[in-house]
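Here's the structure we're looking at; comments come further down.
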Amino acid sequence: MDSIQDHIISSVHAFAPEGVLAATLLLIIVADLLPATSRPGVSLGLALGGLAASAAAVVRLPAGETLIFAGMLATDGFAATFKLVAAAVAAVVLVVSYRATDVDREHFAEYCAMAVALSMGAYVMAAAANLLSMFLAFELVSMSSYILTAHLKEDSKSSEAALKYVVFSASSSAVMLYGMSLVYGLTGTLVLQSIMPGLAHSTAPLAQSVGVLFILAGLTYKIAAVPYHFWCPDVYEGAPAPVAAFLSVGPKAAGMAMLARFLNEALFLPPGSPIRAGIDFGNWQTAIVLVSAVTMTLGNLSALRQTNVKRLLAYSSIAHAGYMLMALAVIRPFGVAAMTFYVVAYAIMNLGAFLVVIALGKSMRSEELDSYAGLGARAPVVAVLMAIFLFSLAGMPPTMGFIGKLYLFWAVLEGRGLAWLAVVAALNTVIALYYYARILRQMFFLPAREGAAEIRVEPIHYVVLFLLAIPTLVLGVYWGPLWGAISAAGTP
Numbered sequence: 121m122d123s124i125q126d127h128i129i130s131s132v133h134a135f136a137p138e139g140v141l142a143a144t145l146l147l148i149i150v151a152d153l154l155p156a157t158s159r160p161g162v163s164l165g166l167a168l169g170g171l172a173a174s175a176a177a178v179v180r181l182p183a184g185e186t187l188i189f190a191g192m193l194a195t196d197g198f199a200a201t202f203k204l205v206a207a208a209v210a211a212v213v214l215v216v217s218y219r220a221t222d223v224d225r226e227h228f229a230e231y232c233a234m235a236v237a238l239s240m241g242a243y244v245m246a247a248a249a250n251l252l253s254m255f256l257a258f259e260l261v262s263m264s265s266y267i268l269t270a271h272l273k274e275d276s277k278s279s280e281a282a283l284k285y286v287v288f289s290a291s292s293s294a295v296m297l298y299g300m301s302l303v304y305g306l307t308g309t310l311v312l313q314s315i316m317p318g319l320a321h322s323t324a325p326l327a328q329s330v331g332v333l334f335i336l337a338g339l340t341y342k343i344a345a346v347p348y349h350f351w352c353p354d355v356y357e358g359a360p361a362p363v364a365a366f367l368s369v370g371p372k373a374a375g376m377a378m379l380a381r382f383l384n385e386a387l388f389l390p391p392g393s394p395i396r397a398g399i400d401f402g403n404w405q406t407a408i409v410l411v412s413a414v415t416m417t418l419g420n421l422s423a424l425r426q427t428n429v430k431r432l433l434a435y436s437s438i439a440h441a442g443y444m445l446m447a448l449a450v451i452r453p454f455g456v457a458a459m460t461f462y463v464v465a466y467a468i469m470n471l472g473a474f475l476v477v478i479a480l481g482k483s484m485r486s487e488e489l490d491s492y493a494g495l496g497a498r499a500p501v502v503a504v505l506m507a508i509f510l511f512s513l514a515g516m517p518p519t520m521g522f523i524g525k526l527y528l529f530w531a532v533l534e535g536r537g538l539a540w541l542a543v544v545a546a547l548n549t550v551i552a553l554y555y556y557a558r559i560l561r562q563m564f565f566l567p568a569r570e571g572a573a574e575i576r577v578e579p580i581h582y583v584v585l586f587l588l589a590i591p592t593l594v595l596g597v598y599w600g601p602l603w604g605a606i607s608a609a610g611t612p
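With the first letter of the sequence shown counted as 1, position 40 gets the number 160 in this note's numbering; the numbers rise by one all the way through.
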C-alpha cells in the first residue's frame with residue numbers, strides 16, 4: 121500500500137509541468153469572468169506566467185527516465201526537451217498575437233486558454249508511453265487546434281479551414297484508434313515497451329501489420345506527412361496567421377516526439393534482441409524511408425507554384441516533416457538526436473518566417489507573393505530578417521538550418537543502405553532554394569506596386585523577430601552547447 125502511495129506522490133510531482141498549465145488554463149478563464157481582470161493584457165500575462173512556470177518545473181525534474189502513473193507517461197530528457205520547445209513556441213505566438221490584426225482581442229482570453237491547452241497536450245504527447253495517453257494527448261492538441269483555427273468566427277475562410285481540419289482530424293483519429301484497438305487485442309497491453317514482445321508471439325501477422333500501419337498513419341497526420349498532409353495548406357491559409365505559425369511548429373514538434381517514442385519503444389529493437397527473430401523490422405524502416413522521400417518531394421514540388429506566402433510556407437512545412445523523418449529511419453540514438461536538433465532549428469526559423477507575415481499583415485492586408493514586391497526598399501530591416509529565415513529554411517550556411525540539415529545527412533549516411541535518401545534530400549534542398557528565392561526576388565529585385573501601402577511594424581514584432589534571428593545566425597556558427605545538451609538528453 122505504501123509503495124502505491126509513494127508512486128502516486130512521485131507521479132504527481134513529476135506531472136507538475138502539466139499541472140501548472142492546467143491551473144493556468146483555469147486562471148485565465150476565471151480572470152476573464154471578473155470585470156476587474158477581463159482584459160487582454162491580463163490574459164496574456166497569466167498565459168506567459170504559466171508557460172514560464174511550467175518550463176521551470178520541467179527543468180527542475182530529476183534527471184533519468186521514470187515512468188509515472190503506472191506507465192502512462194515517461195519523464196526523461198527527451199520529453200523535457202520537447203516540452204521546453206512547446207512552451208517557448210506558445211510564448212512567442214502569444215506575444216506576437218497580442219498586437220496582430222487577425223486576432224480578435226474581444227475573445228483574447230479564450231485564445232490564450234486554447235494556446236495553453238494545446239501546449240499541455242503537446243507536453244503529454246512528448247511523454248506518452250502508453251497507447252491510451254497517446255490518444256488522449258492527440259485529441260487534446262487536435263481539439264485546441266480546431267478552436268484556434270476558427271478563432272475569427274465571422275471570417276468565412278477561418279471557419280472553412282476549421283471545418284476541414286475537424287473532418288480530416290476526425291478521420292485520422294478514427295484510423296489511429298482502430299489501429300490501437302487491433303494492437304491491444306493482439307498483445308493485451310497498452311504500454312509501448314510491452315507491445316513488441318506481444319507482437320512477437322502473435323499468430324495474426326496481417327492484423328498486427330494493419331494495426332501498426334493505422335497508428336503510424338494517424339501520427340503522420342499530426343506532422344503533416346504523406347498520406348495525411350492534404351489538410352495542411354488549406355488550414356494554414358484560412359487560419360489567422362499567428363495560429364498558422366503555431367500549428368506549423370507546436371503540433372508538428374509534439375507529433376515527431378510521439379512518433380520517435382512509438383518507433384523506438386514499440387517497434388524498433390536493437391540488433392541481437394531475443395525477441396527479434398521472426399520479425400521483419402526492415403519493412404517498417406522501409407516504410408518510414410519511403411514516407412520521408414515522398415513527403416519532402418511532394419511538399420517542395422507543390423510549393424513551386426504557390427502565389428500565397430502562407431500557403432507556400434505550408435507546403436514548405438510538409439517538406440520539412442520529410443526531412444525530420446529521414447533521421448528517424450536510421451533507428452539509432454544519433455538519428456533521434458539529429459531529428460531533435462532539427463526540430464529546434466525548424467521551430468526558430470519557421471516561426472521567424474511566419475512572424476514576418478504577421479508583422480506585415482496590418483500594413484499590406486495581403487499575403488500574396490506579389491504584395492512583397494519592393495519590400496527591401498519599403499521595409500529593409502524586415503526584408504533582411506525574412507531573408508535570414510528563408511536562407512535557414514533552405515539549409516544555407518551560416519545558419520542554424522544548415523547545421524540541422526548537416527546532422528540529418530550525417531545520420532542518414534551512417535544508416536545502412538540509405539545513401540539514396542540523402543541524394544533525394546539534397547535534390548529537394550535545391551528545389552526548396554528555388555521557391556524561397558522567389559520571395560527574395562520579390563523583396564529585393566522587383567519594384568513595389570503602384571500605390572503600395574506604407575509599411576508599419578509593431579515594436580514588439582521587431583523585438584521578437586530579432587530574438588529569433590539572433591539564434592538562427594549564432595547557432596549556425598556555435599552550435600556545440602545545444603547539440604551537447606540534446607545528445608545528453610538521450611532518446612525515448
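Cβ coordinates follow ideal geometry from the N, Cα and C atoms, glycine included.
Just curious, the alpha helix (DSSP H) that Thr144 is in, first and last residue? Note, Thr144: alpha helix (DSSP H), 136-153.
Would you mind stating whether Met300 and Phe255 have Cβ atoms separated by less than 8 Å? Yes, these two residues count as a Cβ contact at 8 Å.
Buried or exposed: which applies to Arg561, given that a residue is buried once 16 or more other Cβ atoms fall within 10 Å of its Cβ? Around the C-beta of Arg561, fewer than 16 other C-beta atoms lie within 10 Å, and the residue is accordingly described as exposed.
Which of the three DSSP states is assigned to Val286 in this structure? Reduced to three states, the DSSP call for Val286 is helix.
If you count every other CB in all the chains shown that lies within 10 Å of the CB of Asp490, and 16 or more means buried, which is it? By the 10 Å Cβ count, Asp490 comes out exposed.
Spatial neighbours of Ala290 in its chain, beta-carbon cut-off 6 Å, leaving aside the 5 residues before and after: Residues of the same chain with a CB within less than 6 Å of the CB of Ala290, apart from the 5 flanking positions on each side, do not exist.
Suppose you measure from the CA of Val205 to the CA of Ala467; what does that come to, to the nearest Å? Cα-Cα distance, rounded: 8 Å.
Can you look up Ile399 in the DSSP assignment and give me helix, strand or coil? With a pLDDT of 47 at Ile399, under the threshold of 50, the modelled position of this residue cannot be trusted; read the value that follows with caution. Coil at Ile399, not helix or strand.
Which of the three DSSP states is assigned to Thr186 in this structure? Three-state result, Thr186: strand.
For a quick check, are the C-beta atoms of Glu138 and Ala249 less than 8 Å apart? In this structure, Ala249 does not lie closer than 8 Å to Glu138 by Cβ.
Below 8 Å CB to CB, which residues in the same chain sit around Gly600 once its five sequence neighbours on both sides are set aside? Here the set comprises nothing.
The beta strand (DSSP E) with Ala194 in it runs from where to where? Looking at the DSSP string, the run of the beta strand (DSSP E) that includes Ala194 is 193-195.
Taking just the CA atoms, how far does Ala434 sit from Cys352? So the two alpha carbons sit approximately 6 Å from each other.
Is it the case that the Cβ atoms of Thr611 and Phe198 are separated by a distance below 8 Å? Result yes, Cβ atoms of Thr611 and Phe198 sit closer than 8 Å.
Since Ala175 and Ala134 are thought to touch, with beta carbons under 8 Å apart, how far apart are those beta carbons, to the nearest angstrom? That belief does not hold up - the Cβ atoms of Ala175 and Ala134 are roughly 15 Å apart, past 8 Å.
With DSSP as the reference, identify every bridge partner of Asn428, one or two as the case may be. In the DSSP output, where bridge partners are listed per residue, Asn428 has Glu488.
Do the segment 567-576 and the segment 436-445 touch if we need at least three Cβ pairs shorter than 8 Å? Flag = no, the segment 567-576 and the segment 436-445 do not touch.
Counting Cβ pairs, one atom from each stretch, are 3 or more of them under 8 Å apart for the segment 403-415 and the segment 217-235? Counting C-beta pairs with one atom in each stretch, the segment 403-415 and the segment 217-235 have fewer than three that are closer than 8 Å, which means they do not touch.
Relative to the C-alpha of Gly358, which residue among Thr406, Thr323, Lys277 is closest? Closest option to Gly358, Cα to Cα, is Lys277.
Report yes if the C-beta distance between Asn470 and Val369 is below 8 Å; otherwise report no. A contact, by the Cβ cut-off of 8 Å.
Taking the C-alpha atoms as reference points, what is the distance between Val597 and Gly524? Approximately 12 Å between the Cα atoms of the pair.
Of all the CB atoms in chain B, is at least one closer than 8 Å to the CB of Ala386? Among the protein chains of the structure shown there is no chain B, as only one such chain exists.
Helix, strand or coil at Ala605 [DSSP, three-state]: Three-state DSSP puts Ala605 in a helix.
Sequence-distant residues of the same chain with beta carbon closer than 6 Å to Gln313, five excluded per side: Around Gln313: Glu385.
Is it the case that the segment 256-275 contacts the segment 207-224, given that we only count it when at least three CB pairs across the two stretches are under 8 Å? At 8 Å Cβ cutoff, the stretches touch.
Best match in Ile451, Val543, Met444 for proximity to Gly521 [C-alpha to C-alpha]: That would be Met444, whose Cα lies nearest to the Cα of Gly521.
Quick check on the DSSP output: the alpha helix (DSSP H) that includes Lys372 runs from which residue to which? Where Lys372 is concerned, the enclosing alpha helix (DSSP H) stretches over 361-382.
Span of the alpha helix (DSSP H) holding Ile250? What sits at residue 250 in the sequence shown is Asn, not Ile. Premise fails: Asn250 is in no alpha helix (DSSP H) and is neither H nor E.
Between the segment 279-290 and the segment 320-327, can you find at least three pairs of beta-carbon atoms closer than 8 Å? No, the segment 320-327 is not in contact with the segment 279-290.
Taking all protein chains shown into account, decide if Arg180 is buried (16 or more other Cβ within 10 angstroms of its Cβ) or exposed. With fewer than 16 other Cβ atoms from the protein chains shown falling within 10 Å of its own Cβ, Arg180 counts as exposed.
Alpha carbons only, please: which of Pro362, Leu145, Pro567, Leu538 is nearest the one belonging to Ala447? If we check each option's Cα against that of Ala447, Leu538 comes out closest.
On the DSSP letters alone, give me the boundaries of the alpha helix (DSSP H) that Thr549 sits inside. Per DSSP, the continuous alpha helix (DSSP H) segment holding Thr549 begins and ends at 539-565.
Would you report the Cα separation of Gly257 and Asp354, rounded to the nearest angstrom? It is Ala, not Gly, that sits at residue 257 in the sequence shown. Rounded to the nearest angstrom, the two C-alpha atoms are 24 Å apart.
So, helix, strand or coil for Val311, using DSSP? DSSP, reduced to helix, strand and coil, places Val311 within a strand of the structure shown.
Using the three-state DSSP reduction, which class does Trp530 fall into: helix, strand or coil? The DSSP-derived three-state label of Trp530 is helix.
If you draw a straight line from the alpha carbon of Ala380 to that of Ala545, how long is it in whole angstroms? For the pair Ala380 and Ala545, the Cα-to-Cα distance works out to about 20 Å.
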